[in-house]
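Be aware that the sequence shown starts at 2, since it is given in my numbering, and climbs by one per residue.
Ideal placement from N, C-alpha and C gives every residue a C-beta, glycine not left out.
Note that the structure is predicted; figures quoted are calculated from it, not measured.
Scroll down for the structure; my scribbles are underneath it.
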Amino acid sequence: MNYYQALVRARDEKRKSEPEPKFTEGVWLPQVMTGAHVAGMGWDPVEVLREGVRKWHRFSWSDVLKVAEVVGWEKWILELERRQKAGIQDAANRYREQQGVTGSDLDSVTMVSVTGITGIGFDYATIIEHTDEREVGMQRGCPIVQGIRDFGYEDHPLVEDMMLWCDTYDNMEVRATSSDIWFTHTHCLGRGDKYCRFCIDSRDVLPGENYYGTLSRLRDVKRQEAEEEAGGDVGNLWAPAFAVLKKLESAGLSQEQQLRMGNQIQARIAVSTILIGSELIGWERFINGMIEKQIPKIREMARNVGTKWGITGTTARDGAVLMNIGMSGMGFDDHQIVRWSRNRVEGVARTCPIVDLARQSGLEDRLEGISLWCSAWHTADAGAMNRTVSCTFTHCLGRGDKLCRWIVESDEPEEKVVRIVREPPVAEKVPA
């Protein structure tokens, strides 16, 4: 029995043996974050939201690479275009309306692009050129590359083409404003370049060329142009210049508002990636693919959270606190813990950001397996200090249930002293 099958069995057995869930007011964020479990260090909405965006980044990019490894970049990008283009353009048109953008020139494109990355961590960009013909930007840091590194995918061979994924979404957004302007990342930190560099300008599409073909060709053409301009080293082009913060300030958004907006944007990307990716390779392969890198990294991060907040116990209750903090800032604000003891914690929710965002993206038909993905994610968090602690989602709004309900529990007797269990070698699969 593989990990996916073990999760299915646990869900189905607990669903039969547990009473129907019911919602009552319990505890969740910010109660946990301000209580004794975190040494009274308090609730900082801005920092919590910033960390929430980072978490969505980690899932987004590791899942992108995991699926690309199976189906290849071309099939992956063409499927994203097919399933996401209309929704991305609709969102971009809403940005245009909100910002009063009515033109189709380069200024209009960049204004919408800035709004589209608000609050998701692209705080490093320096615009070294902005004319009527083109905009060129460079940056020395990237939340996408950092998310890839956080989950252990920095040496994955497909990272060198990650810029094509960036161009995929950027140009679906651009199409709401212009049909001939193309947003192209010519250089990327993920492939070993010193800088990330992008160039936005007008280019022609060749006859018979599909979306992937256009993106990959423009990347190669513009990259060569940049290196010729720089005398072989694109780093020579970098210089202190102007950033895009003024455009954000003119939008009247506070830092907290920007991060809330960014959380929604990045969460929608992550949810769409999970659901479309699972459709391409199947839920079983998708979830089993979490074992090698994602689950060990989630556990490692949860243990670091325990160190930071002084959570040293190894009971299910301690694990549930780690799970709660691990979800902080990600939009799970309706979730309530309704019953708890040393070795069993139960929670319910009336709403779920994953389900809401799936519906917004037209992917509600792909939610059948999302509760198993949640079980895998939260078992890694809750079981970080004790491998006998697991989390099982017995009910899920995405499957048509009235409530989401999960149970965190340990299979060890109450009186047993539990020790921290260190991560096994990669070759050892996650047990049921």
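- Check the Cα spacing between phenylalanine 60 and each of Ile149, Thr395, Gly311 and Glu293: the tightest is with Ile149.
- For arginine 367, the closest alpha carbon among the candidates Ile277, Phe394 and His131 is that of Ile277.
- Taking the Cα of aspartate 202 as reference, the smallest distance to any Cα among Trp183, His188 and Ile355 is reached at Trp183.
- When secondary structure is reduced to three states using DSSP, methionine 139 falls in the strand class.
- Taking C-alpha positions only, asparagine 94 is separated from threonine 178 by approximately 8 Å.
- Glutamate 75 is positioned such that its CB atom lies no closer than 8 Å to that of methionine 173.
- In the DSSP assignment, phenylalanine 60 falls within the alpha helix (DSSP H) that extends over 46-72.
- With the rule of 3 Cβ pairs closer than 8 Å, the segment 402-411 counts as touching the segment 349-358.
- In this structure, glutamate 136 lies near isoleucine 128, with their beta-carbon atoms less than 8 Å apart.
- Annotated three-state conformation of serine 372 is helix, per DSSP.
- In the DSSP assignment, serine 411 forms a beta bridge with Val390.
- The C-beta distance from threonine 380 to serine 391 rounds to 5 Å, short enough to meet the 8 Å contact threshold.
- Approximately 6 Å separates the beta-carbon atoms of leucine 50 and arginine 261; this is inside 8 Å, confirming the contact.
- Note on geometry: alpha-carbon atoms of aspartate 45 and phenylalanine 123 lie some 21 Å from one another.
- Counting of Cβ neighbours within 10 angstroms places lysine 17 among the exposed residues, the total staying below 16.
- The continuous stretches of alpha helix (DSSP H) do not include arginine 176, and DSSP gives it neither H nor E.
- In the three-state scheme derived from DSSP, where H, G and I count as helix and E and B as strand, tryptophan 284 is classed as helix.
- Per DSSP, the unbroken beta strand (DSSP E) holding tryptophan 341 starts and ends at 337-342.
- According to the DSSP assignment, tryptophan 310 belongs to the alpha helix (DSSP H) that extends over 295-310.
- Following the DSSP letters along the chain, one finds glutamate 19 in no alpha helix (DSSP H), marked with neither H nor E.
- A Cβ-Cβ distance of about 4 Å is found for the pair tyrosine 125 and glutamine 140, placing them in contact under the 8 Å criterion.
- Here the segment 225-243 does not lie against the segment 330-348, with fewer than 3 beta-carbon pairs under 8 Å apart.
- Taking a C-beta distance under 8 Å as the contact criterion, leucine 364 and glutamate 80 do not qualify as a contact pair.
- In the assembly as shown, glycine 73 is an exposed residue. Its beta-carbon has fewer than 16 other beta-carbons within 10 Å.
- For isoleucine 145, the enclosing alpha helix (DSSP H) stretches over residues 144-151.
- Boundaries cannot be given for aspartate 194, as no alpha helix (DSSP H) includes it and DSSP labels it neither H nor E.
- Serine 114 sits away from aspartate 162, with the two beta carbons spaced by 8 Å or more.
- In the DSSP assignment, glutamate 161 falls outside any beta strand (DSSP E) and carries neither an H nor an E.
- Residue state for cysteine 405 is assigned as strand, using DSSP reduced to three classes.
- Residue Ser342 holds the alpha-carbon nearest to the alpha-carbon of alanine 317 among Ser342, Ala242, Ser273 and Val222.
- Short of 7 Å from the beta carbon of phenylalanine 152, and not among the five residues preceding or following it, lie these beta carbons of its own chain, in chain order: Arg59, Ser63, Lys294, Gln295 and Lys298.
- Each of His186, Thr25, Val71 and Met328 was checked against the Cα of arginine 224, and the nearest Cα belongs to His186.
- Residue state for alanine 350 is assigned as strand, using DSSP reduced to three classes.
- The residues Tyr125, in chain order, have a CB closer than 7 Å to that of glycine 142 in the same chain once the five nearest residues on each side in sequence are set aside.
- Nearest to alanine 242 by alpha-carbon distance, out of Gly138, Ile288 and Ile326, is Gly138.
- As the crow flies, the alpha-carbon of threonine 315 is around 19 Å from that of methionine 328.
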